[in-house]
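For reference, the structure is listed below as structure tokens.
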Amino acid sequence: MGTLSVNQNKLQKRIRRQAGEAITDFNMIEDGDKVMVCLSGGKDSYTMLDVLLYLQKVAPIKFEIVAVNMDQKQPGFPEHVLPAYLEALGVAYHIIEKDTYSVVKEKIPEGKTTCSLCSRLRRGTLYTYADEIGATKMALGHHRDDILETFFLNMFYGGTLKAMPPKLLSDDGRNVVIRPLAYCSEKDIEAYSELKEFPIIPCNLCGSQENLQRQVVKEMLLEWERKSPGRTEIMFRALQNVVPSQLADRELFDFTSLRIDDNATPRFLDVMNL
2 MGTLSVNQNK LQKRIRRQAG EAITDFNMIE DGDKVMVCLS GGKDSYTMLD VLLYLQKVAP
62 IKFEIVAVNM DQKQPGFPEH VLPAYLEALG VAYHIIEKDT YSVVKEKIPE GKTTCSLCSR
122 LRRGTLYTYA DEIGATKMAL GHHRDDILET FFLNMFYGGT LKAMPPKLLS DDGRNVVIRP
182 LAYCSEKDIE AYSELKEFPI IPCNLCGSQE NLQRQVVKEM LLEWERKSPG RTEIMFRALQ
242 NVVPSQLADR ELFDFTSLRI DDNATPRFLD VMNL
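Note that my numbering has the sequence shown beginning at 2, numbered continuously upward.
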């Protein structure tokens, strides 16, 4: 790749630093962990693997990395790209072959969005495989923008205030999912992917679906960021500063027991005697 320019070096340092901070803040990786890195062939998962390989060299702990790709049997999928890339890096890897493509095409009517079913099938397969190979952590490439988009999707369309946590215990308790890029912006990841010249594999199943609700939310957030630079970072910070007493969830805060405290200090001063 040659010598990095000043800006390229700053970009690389920023992504590595932000990933390291997220891993530390949420205790994502511990000594002796076997981390299954879910590699799709997209910019996010390539960046995640690249950063984790770097951190593996410099971290004060020892952990194992194994890359896993799920070949969903999409027509025209270049099966040779990921194995060649991973072998050149010397990274241990597994390719899971499972024809979820046919299932999605059979179950979802033409013109309808496929991402929901596709992701459920993929996630279930990866969860099971992580258990089979003894992976203690399962790393996904979701970044800060993904997390915010999911938050607004759930709020606008699902009526819930939830997003993608940087670290998650699966419902059955058998998998711990981590998102090392949780603090990284998609803009930086795109630039980093171009810098590193990752061999990107496009998703031919759903990549052209412009009517996705997520795409609508993504465009909304991009427009907000254009009008008010830095707003995305502020909104993400809000996810880390939740005040249950200022919302309306009775399970999170005991509103029914709120009473006046007769022993509280009066807030009003006797101005005439000052």
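Beta carbons are placed, not taken as given, at the ideal position from N, Cα and C, and that holds for glycine. Here the structure is a predicted model, which means the values were calculated and not measured.
Do you know offhand how far residue i's Cα is from residue j's?
i, j, result
"Thr161", "Phe153", "9 angstroms"
"Lys63", "Asn176", "20 angstroms"
"Glu187", "His144", "6 angstroms"
"Cys185", "Asn28", "17 angstroms"
"Asp146", "Met221", "12 angstroms"
"Phe157", "Glu88", "43 angstroms"
"Met165", "Leu12", "24 angstroms"
"Arg227", "Pro84", "39 angstroms"
"Asn212", "Ala140", "Residue confidence for Asn212 is low, a pLDDT of 49 falling below 50, so the modelled location carries little weight and cannot support an answer."
"Ile201", "Arg124", "21 angstroms"
"Ile134", "Val36", "10 angstroms"
"Pro203", "Val7", "30 angstroms"
"Gln241", "Asn264", "33 angstroms"
"Ser209", "Gly91", "Note that Ser209 has pLDDT 48, beneath the 50 cutoff, so the model's placement of it is unreliable and the number below is only indicative. Looking at the two C-alpha atoms, the distance is approximately 33 angstroms."
"Thr126", "Leu259", "47 angstroms"
"Tyr55", "Gly231", "28 angstroms"
"Leu1", "Tyr193", "Shown here, the chain extends from 2 to 275; a query on residue 1 therefore has no answer."
"Arg215", "Asn155", "10 angstroms"
"Asp32", "Thr233", "33 angstroms"
"Lys197", "Asp172", "36 angstroms"
"Ala136", "Leu122", "19 angstroms"
"Tyr128", "Arg268", "55 angstroms"
"Val59", "Gly142", "21 angstroms"
"Leu253", "Ile16", "34 angstroms"
"Arg251", "His81", "53 angstroms"
"Asp72", "Ser46", "15 angstroms"
"Gln75", "Asn10", "36 angstroms"
"Ala93", "Lys163", "34 angstroms"
"Gly42", "Val243", "35 angstroms"
"Pro86", "Arg238", "In the sequence under discussion, the amino acid at residue 86 is Tyr, which differs from the Pro named in the question. Roughly 36 angstroms separates the two Cα atoms."
"Leu170", "Asp132", "13 angstroms"
"Ala249", "Glu65", "43 angstroms"
Taking the continuous alpha helix (DSSP H) assigned at residue i, which residues delimit it?
i, result
"Lys163", "First-last for Lys163: undefined, no H or E at that position."
"Asn10", "Val7 to Asp26"
"Val59", "Lys44 to Val59"
"Ser194", "Glu187 to Lys197"
"Val217", "Gln214 to Lys228"
"Thr233", "Arg232 to Leu240"
"Val89", "Here the sequence assigns Ala to residue 89, which means Val is not the residue at that position. Per DSSP, Ala89 belongs to the alpha helix (DSSP H) from Val82 to Leu90."
"Asp146", "Arg145 to Leu154"
Within the continuous beta strand (DSSP E) that includes residue i, where are the two ends?
i, result
"Asp72", "Glu65 to Asp72"
"Ala140", "Lys138 to Ala140"
"Ile179", "Val177 to Ile179"
From the DSSP secondary-structure annotation, give me the bridge partner or partners of residue i.
i, result
"Glu98", "Asp72"
"Met37", "Val67 and Met139"
"Leu170", "Val177"
Looking only at its chain, what residues have a beta carbon closer than 7 angstroms to the beta carbon of residue i, apart from the 5 residues adjacent to it on each side?
i, result
"Tyr130", "Val69 and Ile97"
"Thr266", "none"
"Pro79", "Ile202"
"Leu5", "Gln13"
"Met236", "Leu149"
"Pro181", "Ala20, Ala23, Ile24, Met29, Met49, Val52, Leu53 and Ala140"
Using a Cβ-Cβ cutoff of less than 8 angstroms, which residues in the same chain neighbour residue i once the five nearest sequence positions on both sides are dropped?
i, result
"Glu22", "Tyr184"
"Met229", "The sequence given here places Ser at residue 229; Met does not occur at that position. There are no such residues."
"Val218", "Glu150, Phe153, Leu154 and Phe157"
"Glu195", "none"
"Pro245", "Leu253 and Phe254"
"Trp225", "Arg232 and Thr233"
Give me the Cβ distance between residue i and residue j, rounded to the nearest whole Å; I'm assuming they're in contact under 8 angstroms.
i, j, result
"Lys44", "Phe199", "6 angstroms"
"Lys138", "Asp34", "5 angstroms"
"Ile190", "Thr48", "5 angstroms"
"Leu53", "Val67", "Not quite, the Cβ-Cβ distance comes to about 11 angstroms (not below 8 angstroms), so this is no contact."
For residue i, I'd like the list of residues in its chain whose CB is within less than 6 angstroms of its CB, leaving aside the five on either flank, ordered along the chain.
i, result
"Gln19", "Tyr184 and Cys185"
"His95", "Val69"
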